[in-house]
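K.L.:
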Amino acid sequence: MTKTITGFSKLSKSEKIDWLVSNYFPNSQSAKTLLKQYWNADKKLQQLHDEFIENTITNYYLPLGIAPNFLINNKIYAIPMAIEESSVVAAASKAAKFWFDRGGFKTTVISTQKIGQVHFMYHGDSGKLKTFFTNLKAKLIEEAKPITKNMEKRGGGILDIELRDKTQDINGYYQLHATFETLDAMGANFINSCLEQFAKILKEDAQHFDLFSSEEKDIQIIMSILSNYVPDCLVRAEVSCKVEELTENSNISAQEFAEKFIQAVAIAEVEPFRAVTHNKGIMNGIDAVVLATGNDFRAVEAGVHAYASRHGKYRSLTHAKIEDGVFTFWMEIPLALGTVGGLTKLHPLVKLALELLGEPSARELMQIVAVAGLAQNFGALRSLTTTGIQEGHMKMHLMNILNQFEATSGEKIKLIEHFKNNTVTHSAVVEEIEKLRR
Ligand code: MEV
């Protein structure tokens, strides 16, 4: 048994599974059945999913949940969330309801600029390179017109191209640093196509620039790629209310709750170990909506965490204060999202999620996603500073434990009732299941 193969991608789906099972699950009766069980009976739908990536063997389900009652700039939304973690949708819904009664979320898009770079090497006189670039800039923009003309018709396109000297960091290293407005598209393909066009002209025209020596004419393009760091594609989300309206539960006064909450945020502003977990909670909300709406959550994650470190230390993305008796909780984050292109017209559930949100523009989606993040952080901090996180978590986790033990619906009803007034722990649940079954 070699466990390696050439030409795997050329095999049919069934052949791929046969190879996989005979090499990696030789003693399993169920692996093949399981993989096939997740195929969709609708052949067209299955083919669509098969063709999203290479070497598809089956589908991998995530639950799609809804967090209703989000009031954002006086408009009501039911937000779709694709996520596996038990308590996230429940926490979002609870925070939505809490703020619904206190004026809802207020959001603004601060900026929508995307960035891409051509990284290249040039060994020679930097003054001559500057002259060359100044002469070339208009041509770079003009020659990209076949790529940019449709985007320009809609009001977007290339905003600027700069030559950046990075020779302090690496000998001979320069960049074309370009900025773009991509409107409702996330813009990755658009930006990368423009950049590759810039790179081609840069290299070609350098060969004919009279001021360059023969060595200077030999510009070496290293790569052309967009940046997922988008500190000028920013959205702000905020909630506020009078401190006395911040009633949480009877065990804690509104004032004490507000103060503890602000302390919790302050800790995440100075302590990276806490900040990472704090921001992870924000990303629970953000990723779930990003994924449900067919956007690239890895790009968002990378950009958001870089932004959290922009002052040289990893910090909280959210902030909170009390001023003149008013509690305010807010966040500014970079989000490069799209509501056209990519999966948005392709994946039936993504289409449904966008329809549910009222076919938002990318700007509107930025605001909805930011709210989901802020709501999630509010929910987490509210639990952490009052009851503790485990109470809610374990209640939600109860269902996972019950499913693990293949509890029947009758057993589930009885055990959920029992654990309304008893602490959920793995062993307590197991004990109760055993008791019931005895
Ligand atoms: C768990 O997924 C997220 C939390 O840890 C976030 C936080 O601690 O703020 C609850």
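Last residue of the sequence shown? That's 492 in the working numbering, and every number before it is there in order.
The beta carbon of each residue, even a glycine, is placed where N, CA and C say it ideally should be.
From a predicted model like this one, the values you see are computed outputs, not experimental measurements.
#1: At which residues does the alpha helix (DSSP H) containing D72 begin and terminate?
#2: Out of A121, S304, H103 and V324, point me to the one whose CA is closest to N113's CA.
#3: Who pairs with P134 in a beta bridge, going by DSSP?
#4: Go ahead and pull the three-state DSSP assignment for I111.
#5: Taking the alpha helix (DSSP H) that T188 falls in, what are its first and last residues?
#6: Looking at A150 and N123, is the spacing between their C-beta atoms short of 8 Å?
#7: Among all the DSSP beta bridges, which residues are the ones paired with V423?
#8: Among the residues of its own chain, which have a CB less than 7 Å from the CB of V425, if the five just before and after it don't count?
#9: If you scan the region 206-267 from start to end, which runs of the beta strand (DSSP E) of 3 or more residues do you find wholly inside it?
#10: Using the Cβ count rule (16 or more neighbours within 10 Å means buried), how would you classify T87?
#11: Rank G379, T462, N454 and F266 by C-alpha distance to the C-alpha of K182 and give the top, closest one.
#12: May I ask you to list the residues that DSSP assigns as paired with V330?
#13: Round the Cβ separation of A318 and T439 to the nearest angstrom and send it over; I've been treating them as touching at under 8 Å.
#14: Quick check: L118 and L391, are their CB atoms within less than 8 Å of each other?
#15: On the CB-based measure, 16 or more other CB atoms within 10 Å of its CB, does G412 come out buried or exposed?
#16: Does ligand 1 have even one heavy atom less than 7 Å from the beta-carbon of I443?
#17: With C-beta atoms as the reference, is G226 less than 8 Å away from Y176?
#18: Using a Cβ distance threshold of 8 Å, determine whether the region 353-365 contacts the region 298-317, with at least three qualifying pairs required.
#19: If you drop the 5 nearest sequence neighbours on each side, which residues of the same chain put their C-beta closer than 7 Å to that of I276?
#20: Anyone know if the C-beta pair for V380 and V293 falls short of 8 Å?
#21: Output the distance between the C-alpha atoms of M337 and A429, rounded to the nearest integer angstrom.
#22: Use the C-beta contact count for V284: other C-beta atoms within 10 angstroms, 16 or more gives buried, fewer gives exposed.
#23: Verify the contact flag: H332, CB atom, against every heavy atom of ligand 1, threshold strictly below 7 Å.
#24: With 16 as the cutoff for other CB atoms within 10 Å, does L99 come out buried or exposed?
#25: Starting from the C-beta of K375, find all residues in its chain whose C-beta is less than 6 Å away, skip the five residues before and the five after it, and write them out in chain order.
#26: Of all the beta strand (DSSP E) runs that stay within the bounds of the region 452-490, which reach a length of 3 or more residues?
#27: Kindly indicate which three-state DSSP category A374 falls into: helix, strand or coil?
#28: Could you check the C-alpha separation between K64 and P200 for me, to the nearest Å?
#29: Which of the three DSSP states is assigned to E292 in this structure?
#30: Between V354 and V343, what straight-line distance do the alpha-carbon atoms span, to the nearest angstrom?
#31: So, under 8 Å CB-CB, G427 and G339 are touching, yes? Tell me the CB distance rounded to an integer number of Å.
#32: Assuming S370 and A329 are in contact, meaning their beta carbons sit under 8 Å apart, how far apart are those beta carbons, in whole angstroms?
#33: Measuring from the CB of H438, is there a heavy atom of ligand 1 at a distance below 7 Å?
#34: To the nearest angstrom, how far is the alpha carbon of G464 from that of W93?
#35: Report the partner residues of S278 according to the DSSP bridge assignment.
#36: Evaluate N282 with the Cβ neighbour count: other Cβ atoms within 10 Å of its Cβ, from every protein chain shown; 16 or more gives buried, anything less gives exposed.
P.N.:
Taking the structure as given:
#1: Here the alpha helix (DSSP H) through D72 covers K67 to Y78.
#2: It is H103 whose Cα lies nearest to the Cα of N113.
#3: Checking the DSSP bridge columns, you'll see P134 partnered with I120.
#4: Coil, per DSSP.
#5: First-last of the alpha helix (DSSP H) with T188: S180 to E197.
#6: Between N123 and A150, the gap from beta carbon to beta carbon is short of 8 Å.
#7: None; V423 has no bridge partner.
#8: Excluding positions up to five away in sequence, the list reads F124, I126, F159, T161 and A291.
#9: The qualifying runs are 211-219 and 227-235.
#10: Counting Cβ neighbours within 10 Å, T87 comes out exposed, since fewer than 16 surround it.
#11: Nearest of G379, T462, N454 and F266 to K182, Cα basis: F266.
#12: The secondary-structure analysis by DSSP pairs V330 with nothing; it has no beta-bridge partner.
#13: Contact between A318 and T439 holds, with the beta-carbon distance rounding to 5 Å and staying under 8 Å.
#14: Not closer than 8 Å, so no.
#15: Around the beta carbon of G412, a 10 Å sphere encloses fewer than 16 other beta carbons of the protein chains shown; the residue is thus reported as exposed.
#16: Yes - ligand 1 has a heavy atom lying nearer than 7 Å to the Cβ of I443.
#17: The answer is yes: Cβ separation under 8 Å.
#18: The region 353-365 makes no contact with the region 298-317, as fewer than three CB pairs between them are under 8 Å.
#19: If we look at I276 and ignore the five residues flanking it on each side, its Cβ neighbours are H173, F174 and M175.
#20: No.
#21: Rounded to the nearest angstrom, the two C-alpha atoms are 11 Å apart.
#22: Classification of V284: buried, given that the 10 Å Cβ count is 16 or more.
#23: Yes.
#24: The residue in question, L99, is exposed, as its Cβ has fewer than 16 Cβ neighbours within 10 Å.
#25: Cβ neighbours of K375 beyond the five flanking positions: T382.
#26: Counting only runs of 3 or more residues that sit fully inside the region 452-490, no beta strand (DSSP E) segment turns up.
#27: Of the three classes helix, strand and coil, the one that applies to A374 here is strand, per DSSP.
#28: So the alpha carbons of these two residues sit roughly 35 Å apart.
#29: Here E292 sits in strand by DSSP.
#30: V354 and V343 have their C-alpha atoms roughly 11 Å apart.
#31: Going by Cβ atoms, the distance from G427 to G339 rounds to 5 Å, so yes, they are a contact pair.
#32: Their Cβ separation, rounded to whole angstroms, is 5 Å, which keeps S370 and A329 in contact under 8 Å.
#33: Note that residue 438 corresponds to Leu in the displayed sequence, not to His. The closest heavy atom of ligand 1 lies less than 7 Å from the beta carbon of L438.
#34: For G464 and W93, the gap between their C-alpha atoms comes out near 30 Å.
#35: The secondary-structure analysis by DSSP pairs S278 across a beta bridge with V172.
#36: Buried, because 16 or more other Cβ atoms sit within 10 Å of the Cβ of N282.
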